[in-house]
Amino acid sequence: MSISLNEIQAPIAPEMQQFEKKFRASMKTRVLLLDRIMSYIVKRKGKQMRPMFVFFTAKLFNESIAEATYRGAALIELLHTATLVHDDVVDDANYRRGFFSVNALWKNKIAVLVGDYLLSKGLLLSLQNDDYELLKIVSNAVKEMSEGELLQIEKARRLDITEEVYFDIIRQKTASLIASCCAVGAASAGACKEEIEKARLFGEKVGIAFQIKDDLFDYGTAEIGKPVGIDIKEKKMTLPLIHALREADWLTKRRVIYNVKNNNGDNKRVQQVIDFVKQSGGIQYTIEVMNRYHAEALEILHTYPESPSRRSLEQLIAYTIEREK
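Its first residue numbered 6, the sequence shown is counted upward by one per residue in this note's numbering.
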């Protein structure tokens, strides 16, 4: 990757610092245990791509960042963090971004309550400031994310995911969040409904490209954020495998699906599936689809006037498909 996330973030560094202060303040609580957990969550923050999408999109409409934009970014972080805490409980995961998960350190009961607390903090932040449009956008994203996860679980049981269903899943599960970041950025800067929808669609296309890149990692050899073959071990049908199976004869398809269904973590079987996908053109096809969504996102972005924020968004969406983890 030729440009780092820190370099991309540079034009909004003052806003991000302000956001950090405001977000930390919003996480404060008088309950000692809860305060300790909130501090732990804030300290292990990720790449902060979501607030970046909020601020850069807002600046497409107004160079001066409004208080509503800070609240919108905080709302997304609060509700998204709540879903991550709950996800770790559902997945029985002990780690999140290389750190112990909340449920690993404080057990499931406390983790569920912390997730509920974060959700309610987000709701109150919006309601107390009459940010109804922002709350509507983000609440819809949380609903979509939940539906996407449940659809994936339902389909994983039967391994009958078509390309159409795959895109439904990633649009809801991943793209809806980035779409809501861009919609919140536009809405908080005073954009009209048509412009908010255009910003949302831009974010959705970026989010789909982002998830496709993530799915490609399962077949790669780079130093990445998850072990190679983890999706196959978890019986998740992603685009490289879906395409390869669609092109295969009946007997090959049956053998590969059997290996996915019954791999039981067996690395040899998982590797056979990976080799099949690579030999069947699944990787190349997936890269082409990802590049198409990238191009469609750029097409929408280029309807806005040239500006530092537009250039930063170009760099940010390039980062999503060129990153190594």
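The beta carbon of each residue, even a glycine, is placed where N, CA and C say it ideally should be.
{"Check": "Is the region 161-170 touching the region 187-197 in the sense that three or more CB pairs, one from each, lie closer than 8 Å?", "Outcome": "no"}
{"Check": "Taking one C-beta from the region 311-321 and one from the region 250-270 each time, how about it: are there three or more such pairs within less than 8 Å?", "Outcome": "no"}
{"Check": "Quick check on this structure: which residue in R205, G212, V107, D280 has the alpha carbon closest to the alpha carbon of R41?", "Outcome": "V107"}
{"Check": "Assuming H91 is part of the alpha helix (DSSP H), what are its boundary residues?", "Outcome": "72-95"}
{"Check": "Since E200 and R176 should fall inside the 8 Å C-beta cutoff, what is the C-beta to C-beta distance between them, to a whole number of angstroms?", "Outcome": "In fact, because the Cβ distance is near 21 Å, the residues do not count as touching under 8 Å."}
{"Check": "Comparing alpha-carbon positions, which option in I326, F58, A249, S31 lies nearest I46?", "Outcome": "S31"}
{"Check": "Using only the alpha-carbon positions, how far apart do F215 and T243 sit?", "Outcome": "13 Å"}
{"Check": "Which residue from E20, L65, V59 puts its Cα closest to that of S369?", "Outcome": "Summary: the structure shown does not reach residue 369, with the chain confined to residues 6 through 330, and so no result is reported for it."}
{"Check": "Just the C-alpha distance for L331 and E25, rounded to the nearest angstrom, thanks.", "Outcome": "Residue 331 lies beyond the stretch modelled for the chain, which goes from 6 to 330, so this question has no answer here."}
{"Check": "With a 10 Å radius around its C-beta and 16 neighbouring C-beta atoms as the bar for buried, classify G127 as buried or exposed.", "Outcome": "buried"}
{"Check": "Inspect the beta-carbon positions of G212 and A249 and report whether they are closer than 8 Å.", "Outcome": "no"}
{"Check": "Let me confirm a value: K198 is counted as buried when at least 16 other C-beta atoms fall within 10 Å, else exposed. Which label applies?", "Outcome": "exposed"}
{"Check": "How would you write the range of the alpha helix (DSSP H) that I8 sits in, first residue to last?", "Outcome": "Counting along the chain, I8 falls outside any alpha helix (DSSP H), and DSSP gives it neither H nor E."}
{"Check": "Quick one: using the 10 Å Cβ neighbour count with 16 as the cut-off for buried, is E159 buried or exposed?", "Outcome": "exposed"}
{"Check": "With a CB to CB cut of under 6 Å and the five nearest residues on each side skipped, what residues in its chain are close to S285?", "Outcome": "A249, E252"}
{"Check": "Does the distance from the CB of L123 to the CB of V90 come in under 8 Å?", "Outcome": "yes"}
{"Check": "Would you decide whether K4 is buried or exposed? Buried here means 16 or more other CB atoms lie within 10 Å of its CB.", "Outcome": "There is simply no residue 4 to check, as the chain begins at 6 and stops at 330 in what is shown."}
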